[in-house]
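Residue numbers (our numbering), protein chains in the order written: chain A, 487 to 791; chain B, 13 to 542.
Every residue gets a Cβ at the ideal spot worked out from N, C-alpha and C, and that includes glycine.
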Amino acid sequence: MIYLICYAAIIVFAAAIVYRIMDYVKKPLHVRWELYPVAHEAEKAEYGGGYLEETDWWKKPRKKSLIGELKVMIPEILLLKAVWEHNRSLWYLTYPFHLGLYLIAGFIGLLSIGAVSNILNISIWMPIAALTNLLGPVGFVLCIYGACALFYRRLKDPVLRNYSSYEHFFNLGLFAVTMVVAILTWLFVDPNFNMARAFTVNLITFNFGSMSSSLFNLQVVMGFIVMAYIPLTHMSHFFMKYFLYHDIRWGDEPTIDNPATDAKIGIVLNYPIKWSASHIAGHGKNTWAEVATFNPAQEPPTAKE
Amino acid sequence: MENTITIEDIGKDTEILMQVDVKNLMPLQGDFPDKEWGEINSDTKEKYACILDNLCVLQIPMPKTPEEEEELVNKFLDGMRKLFTKENNWTFFSILETTMEHCAKCNTCSDACHLYEATGHNEMYRPNYRSEIFRRIYFKYIKNKPFAKWRYGDVDLNWRTVARLGELAYRCNICRRCAQTCPIGVDNALIAREIRKIFSQELGIAPPELHDKGSMLQLKTGSSTAMNKLVVKDNVQFIDEDFSEETGFQFETPWDVQGADILLIHNAGEILAWPENIAAFSIIFKAAGISWTLSSELAAYDSINYGVFYDDVQFARTVLLQAQAAKNLGVKKIVLGECGHAHKAFTVIADRVLPKALNTPRESCFPILRDIVMSGKIKFDPERNNFPVTCHDPCNLTRLMGIIKPQRDILHKLCPQFREMNPHGPYNYCCGGGSGFAIMSRNNISDWRTQITGRKKLSQILDSFSDSRGPEIQKYVCAPCSNCKGQLRDILRHYKLLEKEQLVYGGLVELIVNAMVDVNPGYIKWEDEG
Ligand code: SF4
Ligand code: SF4
Numbered sequence: 487m488i489y490l491i492c493y494a495a496i497i498v499f500a501a502a503i504v505y506r507i508m509d510y511v512k513k514p515l516h517v518r519w520e521l522y523p524v525a526h527e528a529e530k531a532e533y534g535g536g537y538l539e540e541t542d543w544w545k546k547p548r549k550k551s552l553i554g555e556l557k558v559m560i561p562e563i564l565l566l567k568a569v570w571e572h573n574r575s576l577w578y579l580t581y582p583f584h585l586g587l588y589l590i591a592g593f594i595g596l597l598s599i600g601a602v603s604n605i606l607n608i609s610i611w612m613p614i615a616a617l618t619n620l621l622g623p624v625g626f627v628l629c630i631y632g633a634c635a636l637f638y639r640r641l642k643d644p645v646l647r648n649y650s651s652y653e654h655f656f657n658l659g660l661f662a663v664t665m666v667v668a669i670l671t672w673l674f675v676d677p678n679f680n681m682a683r684a685f686t687v688n689l690i691t692f693n694f695g696s697m698s699s700s701l702f703n704l705q706v707v708m709g710f711i712v713m714a715y716i717p718l719t720h721m722s723h724f725f726m727k728y729f730l731y732h733d734i735r736w737g738d739e740p741t742i743d744n745p746a747t748d749a750k751i752g753i754v755l756n757y758p759i760k761w762s763a764s765h766i767a768g769h770g771k772n773t774w775a776e777v778a779t780f781n782p783a784q785e786p787p788t789a790k791e
Numbered sequence: 013m014e015n016t017i018t019i020e021d022i023g024k025d026t027e028i029l030m031q032v033d034v035k036n037l038m039p040l041q042g043d044f045p046d047k048e049w050g051e052i053n054s055d056t057k058e059k060y061a062c063i064l065d066n067l068c069v070l071q072i073p074m075p076k077t078p079e080e081e082e083e084l085v086n087k088f089l090d091g092m093r094k095l096f097t098k099e100n101n102w103t104f105f106s107i108l109e110t111t112m113e114h115c116a117k118c119n120t121c122s123d124a125c126h127l128y129e130a131t132g133h134n135e136m137y138r139p140n141y142r143s144e145i146f147r148r149i150y151f152k153y154i155k156n157k158p159f160a161k162w163r164y165g166d167v168d169l170n171w172r173t174v175a176r177l178g179e180l181a182y183r184c185n186i187c188r189r190c191a192q193t194c195p196i197g198v199d200n201a202l203i204a205r206e207i208r209k210i211f212s213q214e215l216g217i218a219p220p221e222l223h224d225k226g227s228m229l230q231l232k233t234g235s236s237t238a239m240n241k242l243v244v245k246d247n248v249q250f251i252d253e254d255f256s257e258e259t260g261f262q263f264e265t266p267w268d269v270q271g272a273d274i275l276l277i278h279n280a281g282e283i284l285a286w287p288e289n290i291a292a293f294s295i296i297f298k299a300a301g302i303s304w305t306l307s308s309e310l311a312a313y314d315s316i317n318y319g320v321f322y323d324d325v326q327f328a329r330t331v332l333l334q335a336q337a338a339k340n341l342g343v344k345k346i347v348l349g350e351c352g353h354a355h356k357a358f359t360v361i362a363d364r365v366l367p368k369a370l371n372t373p374r375e376s377c378f379p380i381l382r383d384i385v386m387s388g389k390i391k392f393d394p395e396r397n398n399f400p401v402t403c404h405d406p407c408n409l410t411r412l413m414g415i416i417k418p419q420r421d422i423l424h425k426l427c428p429q430f431r432e433m434n435p436h437g438p439y440n441y442c443c444g445g446g447s448g449f450a451i452m453s454r455n456n457i458s459d460w461r462t463q464i465t466g467r468k469k470l471s472q473i474l475d476s477f478s479d480s481r482g483p484e485i486q487k488y489v490c491a492p493c494s495n496c497k498g499q500l501r502d503i504l505r506h507y508k509l510l511e512k513e514q515l516v517y518g519g520l521v522e523l524i525v526n527a528m529v530d531v532n533p534g535y536i537k538w539e540d541e542g
């Protein structure tokens with residue numbers, strides 16, 4: 487049963503991510519709505535400028551800097567730079583929470599490496615085992631602190647309370663309880679994560695041997711449920727942020743000499759349009775192209791003319 | 013009482029939701045008293061649902077019966093449903109949906125907003141306030157999510173909620189400064205714009221300045237100033253004659269030159285309100301030997317596009333006319349004059365609206381002006397500009413288009429006392445006229461614009477001139493955008509800044525001409541243009 491829950495959770499987690507991404511990618515072309523500084527604008531990004539600062543910009547080669555993007559994305563992802571700059575008091579609560587999750591993700595990765603080593607009968611490289619033992623507990627503690635502190639802040643700060651739903655409290659509570667169970671398991675049942683590693687081996691090799699500790703089992707079930715739950719909520723921002731930044735905020739690709747975008751424009755301009763306001767509807771025009779090329783302010787020729 | 017409203021209050025049965033108290037406004041540096049708000053006139057109050065605060069920008073007809081109340085809600089929901097279909101809203105569907113789904117409700121964006129700051133942190137002006145209401149309606153009524161009330165928070169959807177939300181969409185400059193600070197990339201400004209769209213595109217309700225006297229008038233006569241092609245050509249001819257005489261530099265603005273390199277499109281409001289800007293372009297282009305023209309075709313002599321503030325269809329109609337005019341003339345490129353929203357609308361947003369055949373390249377006037385100034389083709393005497401100058405960055409040009417350095421290269425070369433505002437460039441503050449407010453002065457809208465929306469900008473201007481305050485030193489705010497100038501004109505008049513501080517505003521080209529050796533001195537004047 488536990489294994490079933492774990493596999494189901496992995497499938498839900500992966501499917502939810504794929505679904506959300508596909509749902510976004512399949513949407514039609516959107517207009518450009520970039521917001522500067524655009525990170526890939528190489529040296530111009532330093533002061534927030536872009537290619538539109540050039541005369542005849544369409545004749546000049548575009549310089550796009552991956553390093554520039556990384557220089558923005560890495561501090562944003564790893565350090566939550568925007569929250570640090572614009573909401574410092576919240577950063578002290580939310581950063582430990584996020585850092586805790588990053589460490590736990592690293593912990594799971596290392597645990598999996600350890601499990602694969604076991605399967606391949608290679609002894610685990612000591613630093614990996616040591617790091618696993620470090621990242622897990624530190625991650626649990628940071629996550630508990632962050633979740634509890636955020637829960638308290640949302641509850642006690644009247645402004646934040648106004649913007650919080652029961653789901654916020656449920657989510658934070660779920661994280662806190664799950665991490666408490668994880669830390670108790672580590673303290674009293676599985677101090678070196680050997681059991682966790684053995685369980686991971688079982689998961690990978692489809693060996694459904696039962697684990698001896700019910701606390702451990704509880705931890706596994708809760709951990710996997712949390713994992714499956716994350717992409718079903720607004721927390722899916724952890725991967726959707728890629729599109730919010732790259733496709734929207736930095737989506738400055740011009741259409742000139744861009745046949746792919748031209749083709750997409752051809753499609754969207756033929757979409758039917760159903761807005762009801764009188765300046766749009768009621769002229770017998772049905773598609774965007776027809777409506778946009780119709781001028782409702784120009785008198786139509788009368789029958790006599 | 014401030015800061016006491018909750019999200020749920022939006023639908024409550026009270027005369028208004030809240031009122032900003034003048035006493036709570038952010039303090040200004042100096043003796044600049046604020047006045048109590050003027051009242052909305054009783055006729056307006058009777059006809060329209062002015063139930064948000066003490067302003068009435070959108071003018072939603074007051075429902076008279078329970079049936080009319082219900083109709084308002086249902087029409088709003090119909091529009092909102094269309095907003096979340098790819099066919100009806102392909103323009104912004106994917107951007108809007110991600111903004112709806114991923115907000116963490118952390119309020120990191122709040123302090124970025126100049127309105128929130130200017131009102132002494134009034135909850136109604138928090139960037140996320142209107143967004144949160146809109147989101148709750150979205151999850152409950154559009155997405156029909158199970159347990160929506162529990163998961164996303166509750167909202168009472170009644171006619172008051174709808175009417176107040178519509179007005180709330182006009183308590184935002186859509187400057188996107190808040191979006192810039194969001195760690196996730198969520199855009200509250202877009203939500204304000206999309207709510208405006210529901211009202212315009214579905215309910216046929218928009219501020220008259222933007223729609224009837226704005227985009228519709230432009231589609232009818234060619235310009236929101238109501239100038240038709242004959243009148244506009246006449247007016248420009250007057251400008252040519254007047255300024256040729258005044259400057260001693262003879263020029264004639266070219267019209268409808270087939271095959272010219274450049275089609276220049278001005279904001280036609282300049283022709284009436286700031287003719288020196290029109291003349292300055294003509295002088296500079298002539299002095300630099302540029303091949304250029306204006307067009308007298310419908311909508312092509314007025315770069316404004318108010319659709320960008322409230323209606324995608326009106327937006328598309330306008331850019332198509334402008335692009336067609338360029339194609340008819342066979343120009344190599346279109347250059348936008350000093351108008352921020354026209355820049356953004358035509359250069360960037362239109363880029364994925366125009367079909368290939370109409371996609372004549374478009375560029376800002378600032379790079380070409382920079383190239384001209386740096387080329388050595390024109391002789392300058394920067395001493396003529398030896399007074400304190402600061403630069404206001406129009407949001408549309410800087411935060412939304414990344415055009416920052418060209419204007420600075422010019423200012424550094426021609427203005428010995430140029431100093432920056434803080435912050436500037438992409439992090440600037442809106443002048444307070446953004447998203448259409450600059451052209452509104454109905455009822456008490458001017459009070460609101462000068463005392464709230466423009467407050468932060470005024471504070472920045474005063475700061476940048478902290479070393480040269482008082483009426484003894486002439487100072488200049490360079491605001492290279494027609495809408496921003498309209499807003500600055502009203503702020504400066506309201507606080508009597510010409511008298512108190514010898515402070516005037518104007519564009520960038522005026523500074524260029526003011527420094528031209530071949531032009532009589534004194535192009536810029538320290539007087540109210542009346
Ligand atoms: S828009 Fe961004 S910064 Fe503002 S509350 Fe939402 S997630 Fe936080
Ligand atoms: S877009 Fe500008 S005016 Fe509107 S809420 Fe954001 S910061 Fe404030």
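Is residue i near ligand 3, going by C-beta to nearest heavy atom under 7 Å?
i: Pro644/A; result: For ligand 3, the structure offers nothing, since it holds only ligand 1 and ligand 2.
Got a sec: is the Cβ-Cβ distance from residue i to anything in chain B below 8 Å?
i: Ile759/A; result: yes
i: Gly521/A; result: A quick correction: the sequence has Leu, not Gly, at residue 521/A. Cβ-Cβ to chain B under 8 Å: yes for Leu521/A.
i: Ser764/A; result: yes
i: Phe725/A; result: no
i: Val536/A; result: Rather than Val, the amino acid found at residue 536/A in this sequence is Gly. Yes, because at least one Cβ of chain B sits closer than 8 Å to the Cβ of Gly536/A.
i: Gln784/A; result: yes
i: Thr779/A; result: yes
i: Phe729/A; result: yes
i: His769/A; result: no
i: His584/A; result: no
i: Glu791/A; result: In this prediction, Glu791/A has a pLDDT of 39, which is less than 50 and means its spatial position is unreliable; nothing more can be read from the coordinates.
What are the partner residues of residue i, as DSSP defines its beta bridges?
i: Arg431/B; result: Thr402/B
i: Arg374/B; result: Ile346/B
Going straight from the alpha carbon of residue i to that of residue j, what length do you get?
i: His584/A; j: Ser54/B; result: 54 Å
i: Ala749/A; j: Glu113/B; result: 29 Å
i: Glu221/B; j: Val69/B; result: 10 Å
i: Val569/A; j: Val558/A; result: 14 Å
i: Pro373/B; j: Ile742/A; result: 7 Å
i: Pro158/B; j: Ile716/A; result: 17 Å
i: Lys47/B; j: Gly226/B; result: 30 Å
i: Ile496/A; j: Leu490/A; result: 10 Å
i: Glu791/A; j: Leu341/B; result: With a pLDDT of only 39 at Glu791/A, under 50, the local geometry of the prediction cannot be trusted, and no value is derived from it.
i: Arg163/B; j: Phe710/A; result: 21 Å
i: Asp25/B; j: Leu127/B; result: 26 Å
How about residue i: is its C-beta nearer than 8 Å to some C-beta of chain A?
i: Gly349/B; result: no
i: Glu14/B; result: With a pLDDT of 47 at Glu14/B, under the threshold of 50, the modelled position of that residue is not reliable, and the figure given next carries that caveat. With 8 Å as the cut-off, Glu14/B does not count as an interface residue toward chain A.
i: Cys115/B; result: yes
i: Leu231/B; result: yes
Using 8 Å as the threshold, is the C-beta distance between residue i and residue j below it?
i: Cys634/A; j: Ala662/A; result: yes
i: Gly586/A; j: Leu620/A; result: no
i: Thr230/B; j: Ile766/A; result: The question names Thr, but residue 230/B is Gln in the sequence shown. No. Outside cutoff.
i: Trp102/B; j: Tyr578/A; result: no
i: Glu11/B; j: Trp171/B; result: Shown here, chain B extends from 13 to 542; a query on residue 11/B therefore has no answer.
Practice prompt. Determine which residues of the stretch 154-166 of chain B have a Cβ less than 7 Å from any Cβ of chain A, and write them out in chain order.
Written response: Trp162, Arg163, Tyr164 and Gly165
Worksheet entry | Interfacial residues, the stretch 357-388 of chain B to chain A, with Cβ spacing under 7 Å | When CB distances to chain A are screened at a threshold of 7 Å, the residues of the stretch 357-388 of chain B falling below it are Thr359, Val360, Ile361, Asp363, Arg364, Val365, Pro367, Lys368, Asn371, Pro373, Glu375, Ser376, Pro379, Ile380 and Asp383, in chain order.
Fill in: Members of the stretch 404-422 of chain B that neighbour chain A once the beta carbon cut-off is set at 8 Å
So the close ones are Thr410, Arg411, Leu412, Met413, Gly414, Ile415, Ile416, Lys417 and Pro418.
Item to complete: Could you please tell me which residues of the stretch 652-679 of chain A, in chain order, have their CB closer than 9 Å to any CB of chain B?
Response: Tyr652, Glu653, His654 and Phe656
Discussion item. So if I threshold CB-CB distances at 7 Å, which residues from the stretch 499-512 of chain A count as touching chain B?
Written reply: Tyr510
Discussion item. Can you pull out the residues from the stretch 206-219 of chain B whose beta carbon lies closer than 7 Å to at least one beta carbon of chain A?
Written reply: The residues in question are Ser212, Gln213, Glu214, Leu215 and Gly216.
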